[in-house]
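Per the numbering used here, the very first residue in the sequence shown carries number 180; after that it's consecutive.
Remarks on the structure that follows.
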Amino acid sequence: MRHAGPRKKLVGGALAVSKLKQHQYEDLLGALQQELEQMQRWVEHSGERIVILFEGRDAAGKGGAIHAISERLNPRHCRIVALGKPTECEAGQWYFQRHVAHLPTAGEIVLFDRSWYNRAGVEKVMGFAKKKQVNAFLDAVPSFEKLLTGDGIRLFKYWLTCDQAEQEERFAERLADPLKRWKLSPIDLEARGQYAAYTKAREAMLKATHTDHAPWTLVDFNDQRRGRLTLIRDLLDRLPDFDVKEPPLELAPLAEPPRKEKCGRIKPLKPFEP
């Protein structure tokens, strides 16, 4: 089913896309999630391997985009990888080594919430990596990714953009909401004044690693709802036809009346009361 396109309005004499209402967003996302489910079935049946990298500004919306993609998919065939700070052992390894361990097997989709590109972003801007290390990384990335795509992995690289004013609003929201406070780290606060430095680092990264075999796609996430829809639509459109028919299923009538749950040795907890 096709949904009506977004309404447009004049802003400063130019056409601008209005923000989506929650019910509009949910309808549009639901339709895309049905396509994602079909895509996953195709991946499972065909043995495809898909890697999707999510990079971008702090608070741009990487986690929300990943959730929008993965929430309706079978976790046996779709994994989220969000690696923390390297251990002492990992710090002594080949830089890509700990990421390689999480690459997909046949019939699997892996979503990287940040990836090996940390070295060209936060590690560079915040001084966690030396200039020599960053340059070596940027030189190595095209060859590394060529190995992945050459072996048949479908690699998608997304960088989520947002204006600094929008980023500041999201930081303030996280600070005020106890349920979102975990998203705000001391590094995030320290990096607030480095917006321009992150832009410069991103442009250097794109220049070195935007290749024919592993191109970058930038998505505007000032409106996170529209950004998620834009990203998912782009992802689906870049894949081949994935129409795999579901096997027919039928719920036959039970042979006897439905039974009540009966617990013997251990009783269930008492129902929650507010």
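By construction, the Cβ of each residue, glycine as well, lies at the ideal position given by its N, Cα and C atoms.
Setting aside the 5 residues that flank it on each side, glutamate 269 is surrounded in the same chain by Arg277, each with a C-beta closer than 6 Å to its C-beta; the list follows chain order. Shown here for alanine 247: same chain residues with a beta carbon closer than 7 Å to its own, the five before and five after excluded, namely Leu208, Arg407, Ile411 in chain order. Of the residues assessed, glutamine 403 falls on the buried side of the cut-off, its CB having 16 or more other CB atoms within 10 angstroms.
Within the same chain, and ignoring the five residues on either side of leucine 262 in sequence, the residues whose Cβ sits closer than 7 Å to its Cβ are Arg277. Scanning the region 213-276 from its first residue to its last, the whole beta strand (DSSP E) runs of 3-plus residues come out as 228-235, 257-260.
Looking at Pro432, Ala393, Val304, Phe350, the one whose alpha-carbon comes closest to that of serine 322 is Ala393.
Three or more beta-carbon pairs separated by less than 8 Å are not found between the region 278-295 and the region 367-387, which leaves the two stretches without contact. By the Cβ-count criterion, phenylalanine 233 is buried, with 16 or more other Cβ atoms from all chains shown falling within 10 Å of its own Cβ. Within the region 283-369, the runs of beta strand (DSSP E) that reach at least 3 residues and sit entirely inside it are, in chain order, 287-292, 333-340.
About 5 Å separates the Cβ atoms of histidine 256 and glutamate 223, confirming a contact at the 8 Å cut-off. The region 347-360 and the region 420-434 do not touch, with fewer than 3 CB-CB distances between them shorter than 8 Å. At a Cβ-Cβ threshold of 9 Å, alanine 239 and alanine 299 do not count as neighbours. Aspartate 399 carries a strand assignment under DSSP once its states are collapsed to helix, strand and coil. Boundaries of the alpha helix (DSSP H) around lysine 379: 374-388. Approximately 7 Å separates the beta-carbon atoms of valine 230 and leucine 282; this is inside 8 Å, confirming the contact. Apart from the 5 residues on each side of it in sequence, phenylalanine 307 sits with its Cβ closer than 8 Å to the Cβ of Val301 in its chain, given in chain order. The DSSP-derived three-state label of leucine 410 is helix.
Annotated three-state conformation of leucine 199 is coil, per DSSP. Your pair asparagine 401 and glutamate 345 checks out as a contact, with CB atoms roughly 5 Å apart and the cut at 8 Å. Within a 10 Å sphere around the beta-carbon of valine 304 sit 16 or more other beta-carbons, which makes this residue buried. Nearest to tyrosine 296 by C-alpha distance, out of Trp221, Asp422, Gly235, Glu227, is Gly235. With contacts defined as CB atoms closer than 9 Å, leucine 415 and methionine 218 qualify as a contacting pair. One Cα belongs to aspartate 330, the other to proline 254, and the distance between them is close to 24 Å. In the three-state reduction of the DSSP assignment, aspartate 206 falls in the helix class. In this structure, the CA atom of aspartate 399 is about 9 Å from the CA atom of threonine 409. The beta carbons of arginine 258 and valine 423 sit no closer together than 9 Å.
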